[in-house]
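> Numbering (the working numbering), first residue to last: 4 to 158.
Cβ coordinates follow ideal geometry from the N, Cα and C atoms, glycine included.
Given the structure is predicted, the values throughout are model-derived calculations rather than measurements.
Here it is, the structure in full.
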């Protein structure tokens, strides 16, 4: 039979070996937080210094009242359309899924596939349609002003 002293020593030695193994394993599997902080943040420009809408109109901000910035996602199922409407303030649009086809007053028709970014026409009625077989998902950001509707339906 082993003496109590040799049992304690064996337990202590086993615990020490286990602790060393665990700390070595943990150190190699744990990411270095300081190294992660040193990696620069990734930035991918989508739309830079836009000065005109998709119809070539100069982008002008509403003045005289406090600014109001709003954002929304718009989902259109195949065959759906937005209905004829206009925007009286600048509107940024990013197509996240599908292809949206927009018809503008005057007969201009433009298709915007996934990944497209643009500044929508202001003061011009238009109708967006999903002519495809998959849903369209848009991100919209309205850069408006207090008292100005983001979207005005055609009467």
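#1: Does residue 92 come out as helix, strand or coil in the three-state DSSP assignment?
#2: Which same chain residues, not among the five before or five after residue 133, have their C-beta less than 6 Å away from its C-beta?
#3: If we require 3 or more residues per run, which beta strand (DSSP E) segments fall completely within the stretch 49 to 92?
#4: Thinking just about the alpha-carbon of each residue, which of 103, 60, 64 is nearest to the one in residue 149?
#5: Put residue 41 into one of helix, strand or coil per three-state DSSP.
#6: Going by alpha carbons, who is nearest to residue 136 out of 101, 66, 91?
#7: Report, in whole angstroms, the separation of the C-beta atoms of residue 142 and residue 99, which I expect to be a contact under 8 Å.
#8: From residue 122 to residue 42, what does the alpha carbon distance come to, in whole angstroms?
#9: Between residue 71 and residue 51, what straight-line distance do the alpha-carbon atoms span, to the nearest angstrom?
#10: From residue 144 to residue 154, what distance separates their C-alpha atoms?
#11: So what's residue 46 in DSSP terms, helix, strand or just coil?
Result, derived from the coordinates:
#1: coil
#2: 79, 81, 83, 139
#3: 70 to 79
#4: 64
#5: helix
#6: 101
#7: 6 Å
#8: 32 Å
#9: 21 Å
#10: 12 Å
#11: coil
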